[in-house]
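Asker: Got a structure for you, questions after.
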Amino acid sequence: MKFYIATDHAGVDLKDYTVKLLQQKGHEIVDLGPYNKDRVDYPDFAIKVAKSVLGDKESQGILICGSGIGMSITANRFRGIRAALCHDAYTAKVAREHNDANILCFGERIVGEGVAESILDSWLASSFQGGRHMGRVEKIEAIKAD
């Protein structure tokens with residue numbers, strides 16, 4: 008799987024850990040930054056990942072900031088993006104299975120490396136179930152902003 012990943016200054020350490028972990032598992036990673044802890048604005052990086060995922064339909068994204076909230080809000084402004092803020096393995100599993108989420112969000116100040124690894128493992132082991140969930144995802148995609 009190909010992943011586009013980015014963070015803000017509050018998630019650099021967990022991003023670096025996540026990149027190494029996913030590479031060890033054989034995934035292709037495109038790191039869109041930042042590459043140090045200098046202050047940046049999270050929307051700039053969420054936009055980069057959302058646009059990359061939209062332009063590469065077979066890919067997925069990962070966004071990390073202090074809480075994951077700002078990243079998920081920003082990414083979900085894009086039609087076709089279903090960014091899920093996950094705090095544990097269960098929320099990652101149902102985000103993929105029920106919501107066909109294509110961007111995983113979490114916060115470095117919320118989850119540590121061990122929890123992040125369990126979230127990633129659950130995300131990777133899960134896929135969209137379709138069926139009764141398909142109509143709901145289609146309703147989400149049909150929403151047009153005023």
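Heads up, the sequence shown is in my numbering, so the first residue is 8 and it goes up one at a time.
Even glycine gets a Cβ: it sits at the ideal position worked out from N, Cα and C.
Within 10 angstroms of its Cβ, does residue 59 collect 16 or more other Cβ (buried), or is it exposed?
Answerer: As a working mapping, residue 59 is identified with position 52 in the sequence shown. Buried, by the Cβ-count rule.
Asker: For residue 45 and residue 16, I'd like the C-alpha separation in whole angstroms.
Answerer: As a working note, residue 45 is residue 38 in the sequence shown. As a working note, residue 16 is residue 9 in the sequence shown. The alpha-carbon atoms of residue 45 and residue 16 are separated by roughly 6 Å.
Asker: Quick test of the definition: if touching needs 3 or more C-beta pairs under 8 Å, does the stretch 85-100 touch the stretch 127-143?
Answerer: Flag = yes, the stretch 85-100 and the stretch 127-143 touch.
Asker: My output table needs one value for residue 38: the three-state DSSP class, helix, strand or coil.
Answerer: Locating residue 38 in the sequence shown gives position 31, counting from the first residue. Residue state, collapsed to three classes: strand.
Asker: According to the Cβ coordinates, are residue 69 and residue 106 closer than 9 Å?
Answerer: What you label residue 69 is simply residue 62 of the sequence shown in a count that begins at 1. What you label residue 106 is simply residue 99 of the sequence shown in a count that begins at 1. Contact: no.
Asker: Are there three or more Cβ pairs, one per stretch, closer than 8 Å when the stretch 87-98 is compared with the stretch 108-124?
Answerer: Short answer: they touch.
Asker: What residue range does the beta strand (DSSP E) around residue 114 cover?
Answerer: As a first step, residue 114 is located in the sequence shown; it is residue number 107 there, counting from the start. Looking at the DSSP string, the run of the beta strand (DSSP E) that includes residue 114 is 110-114.
Asker: Using a Cβ-Cβ cut-off of 6 Å (strictly less than) and excluding sequence neighbours within five positions of residue 9, which residues of its own chain qualify?
Answerer: Counted from its first residue, the sequence shown places residue 9 at position 2. So the qualifying residues of the chain are 35, 66.
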